[in-house]
Amino acid sequence: MFRVDLFSLTSAGAYLLLVFITLAAAPRKDLVDSRQKWQLWWVGPGTLLAYSAGSPWVFLAGWIISVVPLCLDTATGRASRLVLASSSVPLALAFAAPASPAAFLLLVLAAAMRKGIFPFHFWIPKAFEAGPLPVLNLFLNGHLGAFLLIRFAAPMFPEPAREYLSVLGVFATVTSVLGALTALGTRQPRRILALLCGSQAAMILAGLENANAQGVTGALLHWWVVAFSTSALLAVYRALEARSTETAALNGFLGFGFHAPRLAVFFAIAAAALVGVPGTLGFAAEDLLFHGSLDSHPLFGVGLPLATAFNAVTAFNLFARLFLGRRGIHVPRIADALPRERWALTMSTAVLVAGGVFPHVFAALRAPAANEIAALLTGR
Amino acid sequence: MAESLLAALVLAPGLAFSGLGLAWLAGYTPHERLIARLTAAVYSFCVVAAAAGWAIGSNTAAVRTPVWYWFQAGSYHFEISLLADRLSWPLIELTAVLVGLTGVFSVRYLHRDRGYFRFFLLLHLFAFAALLTLAAGTFDLLAAGWELVGVSSVLLIAFFDERREPVRNAVRLFAYYRVSGLGLLLAIYLLHRLEHTTEAAKLFRGPWPDDAALMSASAATLVGLLLVMAAAGKAAQFPFSGWLPRAMEGPTPSSAIFYGAISVHLGAYLLLRAEPVLRASGVAAWTCTVVGLLTAALATLVHRASVDAKTSLAYAGMAQLGIIFAEIGLGFPRLALVHVMGHAVVRTLQFLRAPSMLHDYHRVHAAAGGELGRTGAHYHHLLPERFRLALYRAALERGYLDAWLSRYVTGPVLSFGEALESWETGERQGTAGEPSRLAGEPEG
Numbered sequence: 085m086f087r088v089d090l091f092s093l094t095s096a097g098a099y100l101l102l103v104f105i106t107l108a109a110a111p112r113k114d115l116v117d118s119r120q121k122w123q124l125w126w127v128g129p130g131t132l133l134a135y136s137a138g139s140p141w142v143f144l145a146g147w148i149i150s151v152v153p154l155c156l157d158t159a160t161g162r163a164s165r166l167v168l169a170s171s172s173v174p175l176a177l178a179f180a181a182p183a184s185p186a187a188f189l190l191l192v193l194a195a196a197m198r199k200g201i202f203p204f205h206f207w208i209p210k211a212f213e214a215g216p217l218p219v220l221n222l223f224l225n226g227h228l229g230a231f232l233l234i235r236f237a238a239p240m241f242p243e244p245a246r247e248y249l250s251v252l253g254v255f256a257t258v259t260s261v262l263g264a265l266t267a268l269g270t271r272q273p274r275r276i277l278a279l280l281c282g283s284q285a286a287m288i289l290a291g292l293e294n295a296n297a298q299g300v301t302g303a304l305l306h307w308w309v310v311a312f313s314t315s316a317l318l319a320v321y322r323a324l325e326a327r328s329t330e331t332a333a334l335n336g337f338l339g340f341g342f343h344a345p346r347l348a349v350f351f352a353i354a355a356a357a358l359v360g361v362p363g364t365l366g367f368a369a370e371d372l373l374f375h376g377s378l379d380s381h382p383l384f385g386v387g388l389p390l391a392t393a394f395n396a397v398t399a400f401n402l403f404a405r406l407f408l409g410r411r412g413i414h415v416p417r418i419a420d421a422l423p424r425e426r427w428a429l430t431m432s433t434a435v436l437v438a439g440g441v442f443p444h445v446f447a448a449l450r451a452p453a454a455n456e457i458a459a460l461l462t463g464r
Numbered sequence: 535m536a537e538s539l540l541a542a543l544v545l546a547p548g549l550a551f552s553g554l555g556l557a558w559l560a561g562y563t564p565h566e567r568l569i570a571r572l573t574a575a576v577y578s579f580c581v582v583a584a585a586a587g588w589a590i591g592s593n594t595a596a597v598r599t600p601v602w603y604w605f606q607a608g609s610y611h612f613e614i615s616l617l618a619d620r621l622s623w624p625l626i627e628l629t630a631v632l633v634g635l636t637g638v639f640s641v642r643y644l645h646r647d648r649g650y651f652r653f654f655l656l657l658h659l660f661a662f663a664a665l666l667t668l669a670a671g672t673f674d675l676l677a678a679g680w681e682l683v684g685v686s687s688v689l690l691i692a693f694f695d696e697r698r699e700p701v702r703n704a705v706r707l708f709a710y711y712r713v714s715g716l717g718l719l720l721a722i723y724l725l726h727r728l729e730h731t732t733e734a735a736k737l738f739r740g741p742w743p744d745d746a747a748l749m750s751a752s753a754a755t756l757v758g759l760l761l762v763m764a765a766a767g768k769a770a771q772f773p774f775s776g777w778l779p780r781a782m783e784g785p786t787p788s789s790a791i792f793y794g795a796i797s798v799h800l801g802a803y804l805l806l807r808a809e810p811v812l813r814a815s816g817v818a819a820w821t822c823t824v825v826g827l828l829t830a831a832l833a834t835l836v837h838r839a840s841v842d843a844k845t846s847l848a849y850a851g852m853a854q855l856g857i858i859f860a861e862i863g864l865g866f867p868r869l870a871l872v873h874v875m876g877h878a879v880v881r882t883l884q885f886l887r888a889p890s891m892l893h894d895y896h897r898v899h900a901a902a903g904g905e906l907g908r909t910g911a912h913y914h915h916l917l918p919e920r921f922r923l924a925l926y927r928a929a930l931e932r933g934y935l936d937a938w939l940s941r942y943v944t945g946p947v948l949s950f951g952e953a954l955e956s957w958e959t960g961e962r963q964g965t966a967g968e969p970s971r972l973a974g975e976p977e978g
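Protein chains in written order, with my numbering: chain H, 85 to 464; chain U, 535 to 978.
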């Protein structure tokens, strides 16, 4: 019923740290809000239950528990709720009839819906427009879509996985590039953050289908990069939202870095990690991921570095618009990072920077699972 | 011993950066005097260590540290090693000296400036990244340093963050760096794929500059072209030359060290390091030469028509870099190295003196007893009036490069992004309030 190994332990451990960071950095008004409180109580445990699952039904239970709060929240938007609610159906059907020829396809469909892979990519920015950011952060950074492929889809259906998983990789790459391009033309910070998260997170699935150890290891490291960096980005942005009403649209430069330099630095480091700047775990993860993708798809694989280059420009542009370009009396006086925010953001930064200095330690933690998947997909 | 000195001098600015950064995050901002002393100590050490390492290692063709795998997965390894040879020792020494001098200059130049601490923090990051690039024994490690140079560079352009223009220009430069950096990334991938290593010692046989590439002509062409693209982005060569004048928004010392001395020359360094690849491929070598000559011609024109000191210096530097590229493409690496060294020193001095340029100008003219004629003015009269005017207009418009890139490259990409966003949200982008275009793109 339950399965505990290095992969599930490291995934659950990182997720627990993420829960702590999210809760510690969340504004007080989010934590006292009864709606978000119960949502957080469902998403976190639901994801952890799915991580510990050895049987498909336990995984399905975790999947549904974690998805329910967002499906019931009108703030996430009708289309998003529909996609998220529907994602449980193919999963349940595939687990109910594993002998069916369509079972593998249904699992891939469920993963694509949950991870916002093209053509379901629209739900993430839609949900971010007015949805609860701490809850969405914990939901997205569970990466249960990727976990489903690694733990159940590939081991249960090795033959179809070898044959058809590359199609999902193509869709994931398209999602990544489309998200990066859309983010270049977007004005709302919440949508920009959603598109950045979605575009970078899609690379995890793009990497998983590479039938080589470097691509899969890169994807599994990138999972942590996306989780910790987007958590920090969303926490800092939510802190700004809680302090000022000027963040709703990027109308010019907001200059928050003048009064909140530490929030600016945490944001900058997280953004740098997300787009693979050296000195962060993102550099190693994306290096492995790009080499794996280019090995598998010499032409199509160029999409991932290209999307990362666009995302880097978007991330720096967002940083510049939020934190630079204004000074003195024109900038609203806001508080810099509070002690509890500082602790949480320091923790996230420490993980990303430690991973940048000692990437081999992090890679070693992910290597057994990566090798297992690569072996499954190559049939060796 | 020389290996230890090499490793220590690369790490010293990195440790200074980490120490200052951690202290600030812990809530302690060091006093100006402490920062000044730390800077003097770090770069004095680097200068002495580089000189000592060079002297000790001079009896061998190259000083190398063992190759170490930073991380690996399957058959892929990220290789790390340090290398100092006849190419890198002079440039390492030059970097240590010029960063140190600029640091000492900045102690007074930025005295009591709000960004004093930030400037020195980024200066240490830049020095670490530049030394890492110059001392890298593998292209993997070189790429890491290369990228960090870019990051420190854009953060210093946005140094005067209370104004919008420097911030817009920083975003624009970042875009140039990231896009041209794809060339380096793909070249390294090809080296891994085709040669199974990125270690210079294994890729090239023999000591620099008499080394030879151990790869086929077709592989050399592919890798060479991608490296030329990356180098052109870093050295502001055609067609990436539009960013250099925009980068002059940062404080004068950072303009000196980045765009006069070290950062722009890293493009030339990359090509000098990979010169055997260019030699093995006629296409890549000729591309490098043509890019250099085109840039030199264009930059000379623009330089002659510029009205402000720093832009004029930027284009003068770009013209020299174009000539350096041509020298490398034509197979004169020794000449190119000497040219890089001399140009870096002269340009640093000119940039640091730029705020006093008008004073210097008047003094020189007064000493000459009248106004000195412009050099090369007699060439103007050889051209027909109409052609002269067309050239003048092209020079004022900086060769129409920015307009061309905006119209045919960045504009369509951004418009496509806006169309996607409009399609998803059902709202027209860029019509209400501030347009959604990138900070560096023209608005309205």
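All C-beta atoms, glycine included, are put in the ideal place defined by N, C-alpha and C.
Specify, as a first and last residue, the run of the alpha helix (DSSP H) that residue i falls within.
i	result
Ala447(H)	443-462
Phe660(U)	650-669
Asn401(H)	387-407
Arg235(H)	No alpha helix (DSSP H) contains Arg235(H), which DSSP labels as neither H nor E.
Arg702(U)	698-724
Val359(H)	Run containing Val359(H): none; DSSP gives neither H nor E here.
Thr131(H)	118-135
Ile276(H)	273-292
Pro889(U)	Run containing Pro889(U): none; DSSP gives neither H nor E here.
His837(U)	816-839
Could you compute how far the alpha carbon of residue i sits from the alpha carbon of residue j?
i	j	result
Ala878(U)	Met782(U)	16 angstroms
Leu177(H)	Ser377(H)	31 angstroms
Arg346(H)	Ala570(U)	23 angstroms
Leu572(U)	Ile796(U)	21 angstroms
Ser578(U)	Pro547(U)	11 angstroms
Arg646(U)	Gly671(U)	40 angstroms
Gly553(U)	Arg165(H)	47 angstroms
Pro416(H)	Ser956(U)	31 angstroms
Ala348(H)	Phe400(H)	11 angstroms
Ala465(H)	Trp125(H)	Outside the shown range of chain H (85 to 464) lies residue 465(H), about which nothing can therefore be said.
Ser260(H)	Leu277(H)	14 angstroms
Val811(U)	Met763(U)	14 angstroms
Leu372(H)	Ala542(U)	28 angstroms
Tyr942(U)	Leu460(H)	45 angstroms
Tell me the DSSP secondary structure of residue i in three-state form.
i	result
Asp619(U)	strand
Ile604(U)	The displayed chain sequence assigns Trp, not Ile, to residue 604(U). Three-state DSSP puts Trp604(U) in a strand.
Arg908(U)	coil
Ile246(H)	A small fix is needed here, since residue 246(H) is Arg in this sequence, not Ile. Looking at Arg246(H) - three-state DSSP - the assignment turns out to be helix.
Ala747(U)	strand
Glu977(U)	Because the pLDDT of Glu977(U) is 44, which lies under 50, any placement of that residue in the model is unreliable, and the question is left without a value.
Thr731(U)	coil
Phe86(H)	strand
Arg481(U)	Absent from the model: residue 481(U). The displayed extent of chain U is 535 to 978, so no value can be given.
Thr331(H)	helix
Arg322(H)	helix
Arg739(U)	strand
Just reading off the beta strand (DSSP E) that residue i is part of, what are its end residues?
i	result
Arg598(U)	596-598
Phe612(U)	610-614
Are the segment 239-256 of chain H and the segment 315-331 of chain H touching by the rule of at least three beta carbon pairs closer than 8 angstroms? no
Taking only runs that begin and end inside the segment 192-231 of chain H, name each unbroken alpha helix (DSSP H) of 4 or more residues, in chain order. 207-214, 217-224
Does the segment 732-751 of chain U touch the segment 650-663 of chain U, meaning 3 or more C-beta pairs lie closer than 8 angstroms? no
Three CB pairs or more closer than 8 angstroms across the segment 143-157 of chain H and the segment 124-133 of chain H: yes
So does the segment 624-633 of chain U actually touch the segment 868-882 of chain U, counting three or more Cβ pairs closer than 8 angstroms? yes
Assess contact between the segment 346-363 of chain H and the segment 431-439 of chain H, defined as three or more Cβ pairs (one per stretch) separated by less than 8 angstroms. Is contact present? yes
Do three or more CB pairs link the segment 724-739 of chain U to the segment 698-710 of chain U at distances below 8 angstroms? no
Pairing CB atoms from the segment 783-793 of chain U with CB atoms from the segment 880-894 of chain U, are three or more of them under 8 angstroms? yes
Going residue by residue through the segment 545-605 of chain U, where are the continuous alpha helix (DSSP H) segments of at least 4 residues, counting only ones entirely within it? 566-591
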